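One structure is given here, and the rest of the page talks about it.
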Amino acid sequence: WRIYRPSAPLPFLASLVQNHPGAGEQHMLTSFLAIDGSWLYEESYEPKTIIADNDLTFSSPEKQAAFAAESLLAADALSELLQAVKRFNSNADNTRHIALPSKYYAVMYMDGDKMSEWVQGRNNPLMNHLLHPSAQLPPDIGLLMRPMDPVCHSSISKALKNFSQTVVPAMIEEHHAAKLVYAGGDDVMALVPLQDCLELIREVRLAFTGEDKPDGSPGWRLLGGAQLLMMDAVAPGQGLAGEAKHGKASASTGVVIAHHSQPLMQVLSHAADVLKKQAKAAYGRDAFAVLVNKRGGEPLATGAKWRSGDTDILSLLGQISSFWGKGLSPALMYAMQQESAGLAAVAALVRQDDKESFDQQLLCKQGRLKWLAVQHSKELAAADRVRLQALLSELLTALEAESRNQSHPPAADQADKSGWNQLADLLLLSRFVSRGGEE
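Quick look at the structure:
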């Protein structure tokens, strides 16, 4: 019927096939990857939809009836395949799990923060950083920033070029089953599988900022022998040990999680709004924001700073996500939501600068959260329950600290950004992602 068009496989998936140990299976896997992803959804086999999408015409009613019959047979075959995958996954003896096609995907849109300050020289290294450690400069000279010149401009341009042309394509398309849409300087846009979206936006941010991974191993500092980082290019050797106002670039990211049937142009416009209005405006830059456009029900909007002190927000959230499949109940988030109004009323009685009362409230919230975690994680092993309580307490502490540091209260059209509410929303997000969008 001339409607099948082979598609080019994503580099990450093609590398998996190339490195597959079974040589006899490689041809079958290669053929499977050539199938357009839309054919993995049963609704794609609706005859009227196929005819309209491919502008098909038929020489006779009999030909059209034959086409409709064949499309229904293909839909039945796909349904049987998906049921077989579900039966395979339900077998407790299987050590592997075959992921079903997710009906949701993510669009990530990253943008560097205050790049004009870098170009204007306001983030240049201090004079003390440019000389040998044994060199002595008068304090008033050593703490001056290096004047902006063509060398600094060139180093910034080179760092951004290496980031967008070398690091980002490899990170997104070779290490994840994602598709890079655009990478230019400090801007990145990509289409990302739902299950990878939170991990990937964190990796791209670490690459731009130049931070090492939490386990102490080097981050994306060198790739192909090229110098990559804004921080290293402008303030060599300083890293995170340098003065807080110098040598550290930051970026914000907006993510929209959408159903595959939602118009793409609408999703892309939402991603730009989430980046500008939430990650940059509501959360004050150096942050991420996520909008989940569910097929039914209210959308979920949440986000946070990437870090609070030494706490990596998304890293903690990723560790908590592992407990959803072990017995952690979603009733935990709904219980937190029910109690948020009472906690907000109590918090309104405390002045922003009253540290003692704030600390007492935090202790009460931590205790309440641990109790709720115990009530809704009874199927977890004892060691897992202890670990879960510690992770939730650490994440709540970090979010409450950032909430307290807000320079102004949220606007009337913005959600309450209290740490307790942020945690409940982030937990909803992590469960949605971990279950592939299944309610």
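Following our numbering, the numbering of the sequence shown begins with 1450 at its first residue and continues without gaps.
Yeah, the Cβ is synthetic: ideal placement off N, Cα and C, and Gly gets one too.
Being a predicted model, the structure only gives us computed values, none of them experimental.
Beta-bridge pairing of residue i - partner residues as DSSP gives them
i     : result
P1642 : Y1554
L1522 : DSSP, once it has assigned bridges, lists no residue as partnering L1522.
N1503 : BP columns for N1503 are empty, so no partner.
F1537 : None, per the DSSP bridge assignment.
G1739 : Just to set this straight, residue 1739 is Val in the shown sequence, not Gly. Looking at the DSSP assignment, V1739 forms a beta bridge with V1704 and T1751.
T1760 : S1757
G1561 : A1700
Y1631 : M1638
M1594 : L1575
Cβ neighbour criterion (16 or more within 10 Å) applied to residue i
i     : result
L1459 : buried
P1398 : Residue 1398 is absent from the model: the chain starts at 1450 and stops at 1888.
H1581 : exposed
F1481 : exposed
I1706 : buried
I1650 : buried
G1696 : Low per-residue confidence applies at G1696: pLDDT is 48, beneath 50, and the placement is therefore not dependable, though the value from the model is reported in the following sentence. Under this definition G1696 is a buried residue.
D1645 : buried
G1868 : buried
N1540 : exposed
A1684 : In this prediction, A1684 has a pLDDT of 32, which is less than 50 and means its spatial position is unreliable; what the coordinates show is noted afterwards. The residue is buried, with at least 16 neighbouring Cβ atoms inside 10 Å.
N1456 : At residue 1456 the sequence reads Ser, which differs from the Asn that was named. Burial call: exposed.
L1713 : exposed
Q1809 : exposed
E1566 : exposed
N1543 : exposed
H1476 : exposed
S1883 : buried
R1756 : buried
S1508 : exposed
A1526 : exposed
N1503 : exposed
S1520 : buried
Residue-chain proximity (residue i, chain C), Cβ-Cβ < 8 Å
i     : result
G1570 : This model lacks chain C altogether, as it is built from one protein chain only.
Proximity of residue i and residue j at Cβ, strictly below 8 Å
i     : j     : result
I1621 : L1609 : no
M1782 : L1845 : no
Y1494 : H1709 : no
A1736 : G1752 : yes
L1829 : L1766 : no
M1597 : T1702 : no
H1624 : V1641 : no
K1729 : E1851 : no
V1741 : F1881 : yes
A1656 : F1612 : yes
L1848 : I1769 : no
G1886 : L1643 : yes
R1734 : F1807 : no
V1653 : V1704 : no
Q1786 : A1873 : yes
Y1821 : A1784 : Looking at the sequence shown, residue 1821 is not Tyr but Leu. Contact: yes.
V1568 : I1605 : yes
S1551 : E1491 : no
G1570 : C1601 : yes
L1592 : N1577 : yes
E1843 : T1760 : yes
Rounded Cβ spacing between residue i and residue j (contact assumed at less than 8 Å)
i     : j     : result
S1699 : D1562 : 5 Å
R1834 : S1826 : 5 Å
L1922 : L1763 : Because the chain in this structure spans residues 1450 to 1888, residue 1922 falls outside the shown range and cannot be described.
L1530 : L1549 : So it is not a contact: roughly 10 Å between Cβ atoms.
heavy atom of the ligand FAD below 7 Å from residue i C-beta
i     : result
H1625 : In the structure shown, the ligand FAD is absent, as is every other ligand, since no ligand is present at all.
With three or more beta-carbon pairs closer than 8 Å as the criterion, would you say the segment 1714-1721 touches the segment 1764-1774?
no
Does the segment 1780-1792 touch the segment 1816-1826, meaning 3 or more C-beta pairs lie closer than 8 Å?
The segment 1816-1826, when compared against the segment 1780-1792, does touch it at the 8 Å Cβ threshold.
Between the segment 1469-1481 and the segment 1496-1507, are three or more C-beta pairs nearer than 8 Å?
no
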